[in-house]
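Take the sequence shown: its letters are residues 4 to 275, numbered as in our numbering. Using N, Cα and C, we set each Cβ at its ideal position, and we do this for glycine too.
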Amino acid sequence: MVYFSLASEFGVPTEFFQFGIAFYAGLYMAIVAFISLQFVFRYLALFRPEYAKKFDGIGFIGWMGYPMVPGVVYGSSFYLYCLPDQFSDDYVRDEMLMNYELAIGEIPRFVIVAYDGDNSLRWKNMAFLVQGVSVIGLHYLVILYFGLKMHFNMKKKLQEYSTTYRRLQNQFFRALVVQTMAPTFLFVLPAGPILLGPLASPIFGFPISLQTGWLCSVFSLYPPIDSIAFMIIVTEYKKVIKEHLHYMFFPPESQSAACTSTDQNAKPIQMS
4 MVYFSLASEF
14 GVPTEFFQFG
24 IAFYAGLYMA
34 IVAFISLQFV
44 FRYLALFRPE
54 YAKKFDGIGF
64 IGWMGYPMVP
74 GVVYGSSFYL
84 YCLPDQFSDD
94 YVRDEMLMNY
104 ELAIGEIPRF
114 VIVAYDGDNS
124 LRWKNMAFLV
134 QGVSVIGLHY
144 LVILYFGLKM
154 HFNMKKKLQE
164 YSTTYRRLQN
174 QFFRALVVQT
184 MAPTFLFVLP
194 AGPILLGPLA
204 SPIFGFPISL
214 QTGWLCSVFS
224 LYPPIDSIAF
234 MIIVTEYKKV
244 IKEHLHYMFF
254 PPESQSAACT
264 STDQNAKPIQ
274 MS
């Protein structure tokens, strides 16, 4: 498995682009961590409001800063454990030349090869794979745990509140589930075969050759989907959007102008 960048011109050092690739990997992990944190906060806001208050004030810094921790762990381990060496470059040299017409030694890259030439494990690459799967899996366990607890306890808890509040909280929960499913299908599921490919290929004895540049385009779909989920599901947001659209196509100026024109064309009333 090769992570590489084509932006190696303009005399910029290769190390700069390698750092950019590792930073991108860390950002991916930070997004997953932030989503799991949203589930924790939503659960506390519903069932443990005294703990949810700790997210206010100074606690906001910790809340927003936490996703950086798994992001840094994931990105730094990727940078340390997946740097290319002679064996890894030789392993993918022909593949890069055939599919991309690139010389492997001339581009910023990270290479993951699970086995050496004697079929022994390459422990540095394996350390990243184990660590990466563990960190991602841990945060998805958090999402699953708090998501199920909210699902089974929400109906009973919301009986204490008004119908409007119950409807709003249910809408927030559904939007949060959609926000979780979006990166799951856009990030995690496509990345699963890619991460496990270096392990499965030698075991089952068949080559795996996938060009996954399209994944970068898929990643860019997440920000709009994340916002659109709330716009579609939460009623209050839909009302605001409709009002703004109505304002865009039917501005108050045109309405007042129409009223003025009508008044001018009206016949005066004569008093006898």
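key: DSSP-derived helix/strand/coil call for residue 116   = Looking at residue 116 - three-state DSSP - the assignment turns out to be coil, as it is neither helix nor strand.
- Task: Apply the 10 Å Cβ neighbour rule to residue 21 and answer buried if 16 or more other Cβ atoms are within range, or exposed otherwise.
- Result: Buried: at least 16 other Cβ atoms inside 10 Å.
Take residue 45 as the anchor and find which of 145, 247, 253, 236 has the nearest alpha-carbon. It is 145 whose Cα lies nearest to the Cα of residue 45.
- prompt: What are the start and end residues of each continuous beta strand (DSSP E) run of 3 or more residues lying completely inside the stretch 72-125, in chain order?
  reply: Under the rule that a run must span 3 or more residues, the beta strand (DSSP E) segments found entirely inside the stretch 72-125 read 112-114.
Q.
For a test of the three-state rule: what should DSSP assign to residue 6, helix, strand or coil?
A. Looking at residue 6 - three-state DSSP - the assignment turns out to be strand.
- Hey, would you say residue 172 sits closer than 8 Å to residue 47, going by beta carbons? Not a contact, by the Cβ cut-off of 8 Å.
Quiz item: Going by the beta-carbon positions, is the gap between residue 5 and residue 169 smaller than 8 Å?
Solution: Result no, Cβ atoms of residue 5 and residue 169 do not sit closer than 8 Å.
Round the Cβ separation of residue 40 and residue 77 to the nearest angstrom and send it over; I've been treating them as touching at under 8 Å. Not confirmed; about 15 Å, so no contact.
Note to self: Beta-carbon within less than 6 Å of residue 89's beta-carbon, same chain only, minus the 5 sequence neighbours each way: which residues are those?
What the structure shows: Excluding the 5 residues flanking it on each side, residue 89 has no same chain C-beta neighbour closer than 6 Å.
Cβ of residue 32 within 7 Å of any heavy atom in the ligand ZN? With respect to the ligand ZN, the structure offers nothing, as it holds no ligand at all.
| query | Run through DSSP, which three-state label would residue 231 get? | reply | Reduced to three states, the DSSP call for residue 231 is helix.
**Study point:** Environment of residue 7 [buried if 16+ CB atoms lie within 10 Å]
**Key:** That one is buried.
- Item | residue 106 versus residue 125: straight-line alpha-carbon distance, rounded | Distance between the alpha carbons of residue 106 and residue 125: 23 Å.
* Asked: Grouping DSSP H, G and I as helix and E and B as strand, with all else coil, what is residue 69?
  -> DSSP, reduced to helix, strand and coil, places residue 69 outside both helices and strands of the structure shown, so it counts as coil.
### Message
Within 10 Å of its beta-carbon, does residue 272 have 16 or more other beta-carbons around it, so buried, or fewer, so exposed?
### Response
The predicted model places residue 272 with a pLDDT of 44, which falls under 50 and marks its position as unreliable, so this point remains unresolved.
Can you tell which of 32, 74, 236, 245 has the C-alpha that lies nearest to the C-alpha of residue 175?
Of the candidates 32, 74, 236, 245, the residue whose Cα lies closest to the Cα of residue 175 is 236.
Query - Same chain, Cβ closer than 8 Å to residue 239, five either side skipped, listed in chain order - result: Correct list, in chain order: 171.
For this session: Would you identify the three-state DSSP class for residue 168, choosing helix, strand or coil?
Result: Per DSSP, reduced to three states, the secondary structure at residue 168 is helical.
Under three-state DSSP, which class holds residue 60? Of the three classes helix, strand and coil, the one that applies to residue 60 here is coil, per DSSP.
Check your understanding: Got a sec? Which residues, its chain only, sit under 8 Å from residue 71 by beta carbon, not counting five neighbours each side?
Key -> The residues are 33.
Buried versus exposed call for residue 3 [16 or more other C-beta atoms within 10 Å across all chains shown]
Absent from the model: residue 3. The displayed extent of the chain is 4 to 275, so no value can be given.
Pick out whichever of 179, 67, 149, 56 has its Cα sitting closest to the Cα of residue 234.
Residue 234 has its Cα closest to that of 179, out of 179, 67, 149, 56.
Item to complete: Confirm, please, whether the CB-CB distance from residue 228 to residue 185 is below 8 Å.
Response: Yes; because the gap between Cβ atoms is below 8 Å, this pair is in contact.
Exercise for the section: List the whole-angstrom C-beta distance separating residue 166 from residue 38, where the pair is believed to meet the contact cut-off of C-beta under 8 Å. Expected result: Between residue 38 and residue 166 the Cβ distance is about 29 Å, and since that is not below 8 Å, they are no contact.
_Top-ranked residue by Cα proximity to residue 120, from 91, 29, 102, 245_ = Per the C-alpha coordinates, the member of 91, 29, 102, 245 positioned closest to residue 120 is 91.
Exercise. If we ignore side chains and look at the alpha-carbon of each, how far apart do residue 56 and residue 63 end up?
Worked result: Those two C-alpha atoms are separated by around 10 Å.
Q.
I need the DSSP call for residue 45, collapsed to helix, strand or coil.
A. The three-state secondary structure of residue 45, taken from DSSP, is helix.
Report the CB separation of residue 65 from residue 29 in whole angstroms; it is logged as a contact under 8 Å. Not really, about 19 Å apart at Cβ, beyond 8 Å.
How many Å lie between residue 87 and residue 149 at the Cα?
-> The C-alpha of residue 149 is placed about 39 Å away from the C-alpha of residue 87.
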